[in-house]
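Protein chains in written order, with numbering that gives the first Met the number 0: chain A, 0 to 601; chain B, 0 to 99.
Beta carbons: idealized from backbone N, C-alpha and C, even for Gly.
The model shown is predicted, which means the values in this text are computed figures rather than measured ones.
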Amino acid sequence: MFRHKKKGSAKKRKVSLLISVGLLLTVVFLSSVLLNSAEFRYLYYVVQTGKANDDGKRIVDYVRDELYSYEALPWLMTYWKEHSNSMDIPIGGLKDPNWKKSHDDFMDAFVKNISIDEVQAFSEDEQKEFAEVCYMRCASFFDRVKQDFDVNNINCSMYNGDGTSFAFFKSVDESSAKGRYSLGESWPFDIKLHSVASKIYDTGEDQGNLEFVTSTTDDQKYAFVYSTIKVEGQVVGVICETIPISDLLEQISFGVDVLRKANLQFFIIVFIILLSLVYFMLIRPLVQIQKGVRGYKSDKDSGAIGKRLKRLAKKQNEIGILAEDVTEMAVEMDRYVEEIKSVTAEKERIGAELDMAASIQSGSLPHRFPAFPERNEFDIYAIMDPAKEVGGDFYDFFLTDDDHLALVVADVSGKGIPAALFMMVSKTVIRSLANTQKSPKDILYAANSILCQNNEEFMFVTLWLGILEISTGELVFADAGHEKPALYHDKKWQLLEKKSMGMALGMADPQELLELDEKYQYTDTIIKLDPGDMIMQYTDGVTEASDSDNNQFGEEGLLSALSVITDTTPEKLLLHVQEEIDDFVKKSPQFDDITMLALLYK
Amino acid sequence: MLNITTSSEDNAVIIFLEGRLDVNAAVEADRTFTEVLSQTDSVVLDLQKLEYVASAGLRAIKKLRFNLKEKGGSLLVRNATAEVMNIFEMTGIAAILKFV
Numbered sequence: 000m001f002r003h004k005k006k007g008s009a010k011k012r013k014v015s016l017l018i019s020v021g022l023l024l025t026v027v028f029l030s031s032v033l034l035n036s037a038e039f040r041y042l043y044y045v046v047q048t049g050k051a052n053d054d055g056k057r058i059v060d061y062v063r064d065e066l067y068s069y070e071a072l073p074w075l076m077t078y079w080k081e082h083s084n085s086m087d088i089p090i091g092g093l094k095d096p097n098w099k100k101s102h103d104d105f106m107d108a109f110v111k112n113i114s115i116d117e118v119q120a121f122s123e124d125e126q127k128e129f130a131e132v133c134y135m136r137c138a139s140f141f142d143r144v145k146q147d148f149d150v151n152n153i154n155c156s157m158y159n160g161d162g163t164s165f166a167f168f169k170s171v172d173e174s175s176a177k178g179r180y181s182l183g184e185s186w187p188f189d190i191k192l193h194s195v196a197s198k199i200y201d202t203g204e205d206q207g208n209l210e211f212v213t214s215t216t217d218d219q220k221y222a223f224v225y226s227t228i229k230v231e232g233q234v235v236g237v238i239c240e241t242i243p244i245s246d247l248l249e250q251i252s253f254g255v256d257v258l259r260k261a262n263l264q265f266f267i268i269v270f271i272i273l274l275s276l277v278y279f280m281l282i283r284p285l286v287q288i289q290k291g292v293r294g295y296k297s298d299k300d301s302g303a304i305g306k307r308l309k310r311l312a313k314k315q316n317e318i319g320i321l322a323e324d325v326t327e328m329a330v331e332m333d334r335y336v337e338e339i340k341s342v343t344a345e346k347e348r349i350g351a352e353l354d355m356a357a358s359i360q361s362g363s364l365p366h367r368f369p370a371f372p373e374r375n376e377f378d379i380y381a382i383m384d385p386a387k388e389v390g391g392d393f394y395d396f397f398l399t400d401d402d403h404l405a406l407v408v409a410d411v412s413g414k415g416i417p418a419a420l421f422m423m424v425s426k427t428v429i430r431s432l433a434n435t436q437k438s439p440k441d442i443l444y445a446a447n448s449i450l451c452q453n454n455e456e457f458m459f460v461t462l463w464l465g466i467l468e469i470s471t472g473e474l475v476f477a478d479a480g481h482e483k484p485a486l487y488h489d490k491k492w493q494l495l496e497k498k499s500m501g502m503a504l505g506m507a508d509p510q511e512l513l514e515l516d517e518k519y520q521y522t523d524t525i526i527k528l529d530p531g532d533m534i535m536q537y538t539d540g541v542t543e544a545s546d547s548d549n550n551q552f553g554e555e556g557l558l559s560a561l562s563v564i565t566d567t568t569p570e571k572l573l574l575h576v577q578e579e580i581d582d583f584v585k586k587s588p589q590f591d592d593i594t595m596l597a598l599l600y601k
Numbered sequence: 000m001l002n003i004t005t006s007s008e009d010n011a012v013i014i015f016l017e018g019r020l021d022v023n024a025a026v027e028a029d030r031t032f033t034e035v036l037s038q039t040d041s042v043v044l045d046l047q048k049l050e051y052v053a054s055a056g057l058r059a060i061k062k063l064r065f066n067l068k069e070k071g072g073s074l075l076v077r078n079a080t081a082e083v084m085n086i087f088e089m090t091g092i093a094a095i096l097k098f099v
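Okay, here's the thing in structure tokens:
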């Protein structure tokens, strides 16, 4: 019922509960942090790319507006495109002394306001110089934008339609080979990779989205932002800013890192709070209850456990209910133990009484052998082996006078105390009747009358009564529904057939009995025993002894057991039969009392 | 193992005993007999499937027969097998039972 646990192991289990909760929380928290990071990474990506788009758009639009501020831009774009080879432009950019010179020398305040008409009125040399100055101004503007906004690449170009682009202006990262492309320089441009750019060329409309393309030169991913320069609705140049994705990702990673740290800190605090809650609200009260239970286990004092758990039991939660239940269970258990104790005591008393009854019963049968040491005319032996503590079988033998020996074997209906009581009555009745009457059948009639009186429980007894005249060997016997006796005569065993059935004693009222058929009446049978002859009588416990397959020992079994031993003593004979029966039934429980009596006439 | 079933036929209650009416089964049989006694004066015991009857079982039958007689009723026994009949004859209870 109770499993005994050492103190150490219980302690271990208590700690392991805390560890399990801790591990569970850790798993939940960690997965939550990871999930949060992933979500945040995505959100941040969306925000950052949006921002990059807005920023980029502002820059390219700013550049476009600057270009548009040249009144003669359409003429310039055409001139630049057509004279890209003949224009006299220093390569070195702003730092080039020639560049500065020509820039300074010209009255640039007027440059933007010169109209196309005015330009067309210029001489060819003037036109060339105008175009050169404007180009250098714009190129330096691109360089400035690149520096001021710290962009990776800002350009104005036109797709050639052959997989290359024509550069008007292109200021690139100074870490790359050159800071700027020269006018008309072309570079590979796969329009198929640039979905947004291709839309711009197709529709002539500005597109708002970022375009992500992996560069064919350095394998890096870039985001592209575009703006367009149009002349009379025609796209004549596309302004583009490129942003390395790695820059974007760096920003995102930084943001995610910050969030992750914040998340972790938050979770560590929650973790500590939750574990403390678990400990103080669950584990500590449980340990208290456990201690209470253990205490009860050792001292069986329900009062002590009640006192110990009193404070816990007041709590209005599951722990409180548990504490209350445990206390109640202890009280219940005490009551139950008391009950068991009294029931056990009662059982013990009944058991003791049964033992006493059994010993009285077996004591009431003649059980000292040799029973008549002073008589050498006969030898007698008997066995009674009850199936329960007390049985309904009995045997009896006694001298009614010097020359007459009465033999009784009987079987009372049923078993246990009722059968034993009826057996005692029957035995006494037969004994007293046999002392006054000589004929077995008369004794049976008289016994039947007595046993039928006040037979409230409808008990009856089958009985065989024989009276041996010792001097002559004449055996007279009568039978009240009992088994056939076995006789050893002329060196062989046989069962003696009945003259009449004979009614079991107590079965039918004397009046009723007399009216019945002849075969139910009691009759005396007389046989003559020769010296060396044996008579053996028994109860149905012998013939009906069964093995596990319900096969019965039977009369045949009995006869063959008897026939093995001849010329022996009654004691040896009966012990042998008993052994044979034991061998036959093997491990099957004994259902019925087994009683045997044997007499050797000498 | 004893299996007891009852059924009604005309005014009589028929009790079917099946299996072994040993000392333990006798208690149950006795209980059934007492129940049936409160319902009818006319009882038929059908012993077609009764394999064995111990003395305690005979006692229960004897008690049933006595109680019915007291009430002025009747007990009939039918279909007893040779083995059971042998036990009835042996103890003499056959003499006080009516067979059909």
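Neighbour flag for residue i against chain B, beta carbons, 9 Å
{"i": "Y444/A", "result": "no"}
{"i": "D546/A", "result": "no"}
{"i": "T343/A", "result": "no"}
{"i": "Y519/A", "result": "yes"}
{"i": "S425/A", "result": "no"}
{"i": "L515/A", "result": "yes"}
{"i": "K6/A", "result": "Because K6/A carries a pLDDT of 46, less than 50, the predicted location of this residue cannot be relied on, and no value is offered for it."}
Close-in-space but distant-in-sequence residues of the same chain around residue i (CB under 6 Å, 5 per side omitted)
{"i": "S412/A", "result": "M458, F459"}
{"i": "W74/A", "result": "I115, V118"}
{"i": "D395/A", "result": "V407, K426"}
{"i": "I13/B", "result": "S6, V43, D45"}
{"i": "G390/A", "result": "D592"}
{"i": "E17/B", "result": "N2, K48"}
Status (buried if at least 16 other CB within 10 Å, exposed otherwise) for residue i
{"i": "Q603/A", "result": "Any property of residue 603/A remains undetermined from this structure, which presents chain A solely from 0 to 601."}
{"i": "I349/A", "result": "exposed"}
{"i": "F279/A", "result": "exposed"}
{"i": "I267/A", "result": "exposed"}
{"i": "L513/A", "result": "exposed"}
{"i": "W186/A", "result": "exposed"}
{"i": "K601/A", "result": "exposed"}
{"i": "F1/A", "result": "Confidence at F1/A is low in this model, with a pLDDT of 45, below 50, so the placement of that residue should be treated as unreliable; the coordinate-derived value is given next. Its Cβ having fewer than 16 others within 10 Å, F1/A is exposed."}
{"i": "D135/A", "result": "According to the sequence as given, residue 135/A is Met; it is not Asp. M135/A comes out buried."}
Any C-beta of chain A under 9 Å from that of residue i
{"i": "S6/B", "result": "no"}
{"i": "I92/B", "result": "yes"}
{"i": "E27/B", "result": "no"}
{"i": "I95/B", "result": "yes"}
{"i": "A79/B", "result": "no"}
{"i": "M84/B", "result": "no"}
{"i": "E88/B", "result": "yes"}
{"i": "V76/B", "result": "no"}
{"i": "A24/B", "result": "no"}
Bridge-paired residues (DSSP) for residue i
{"i": "S7/B", "result": "V12/B"}
{"i": "T461/A", "result": "D410/A"}
{"i": "V52/B", "result": "L20/B"}
{"i": "Y221/A", "result": "V212/A, P243/A"}
{"i": "P187/A", "result": "T163/A"}
{"i": "R77/B", "result": "D45/B"}
{"i": "T227/A", "result": "V237/A"}
{"i": "K97/B", "result": "L75/B"}
{"i": "S425/A", "result": "Bridge partners of S425/A: none, in fact."}
{"i": "V475/A", "result": "I466/A, I525/A"}
{"i": "K169/A", "result": "N154/A"}
{"i": "W492/A", "result": "Y487/A"}
Sequence-distant residues of the same chain with beta carbon closer than 7 Å to residue i, five excluded per side
{"i": "F140/A", "result": "E65"}
{"i": "I610/A", "result": "The first residue shown for chain A is 0 and the last is 601, placing residue 610/A beyond what the model contains."}
{"i": "G480/A", "result": "T461, M500, G501, M502, A503"}
{"i": "N84/A", "result": "G183"}
Own chain residues within Cβ distance below 8 Å of residue i, not counting five before or after
{"i": "D356/A", "result": "As written in the sequence, residue 356/A is Ala, which differs from the Asp given in the question. E388, V389, I416, A419."}
With contact counted as at least three CB pairs below 8 Å, one residue from each stretch, are the segment 239 to 249 of chain A and the segment 217 to 230 of chain A in contact?
yes
Segment contact flag, the segment 135 to 150 of chain A with the segment 60 to 68 of chain A, C-beta cutoff 8 Å, min 3 pairs:
yes
Using 8 Å as the threshold, is the segment 362 to 375 of chain A in touch with the segment 488 to 504 of chain A, meaning 3 or more CB pairs across them?
no
Any 3 or more C-beta pairs closer than 8 Å across the segment 64 to 74 of chain B and the segment 473 to 490 of chain A:
no
Are the segment 16 to 32 of chain B and the segment 49 to 68 of chain B in contact at 8 Å, needing three or more beta carbon pairs?
yes
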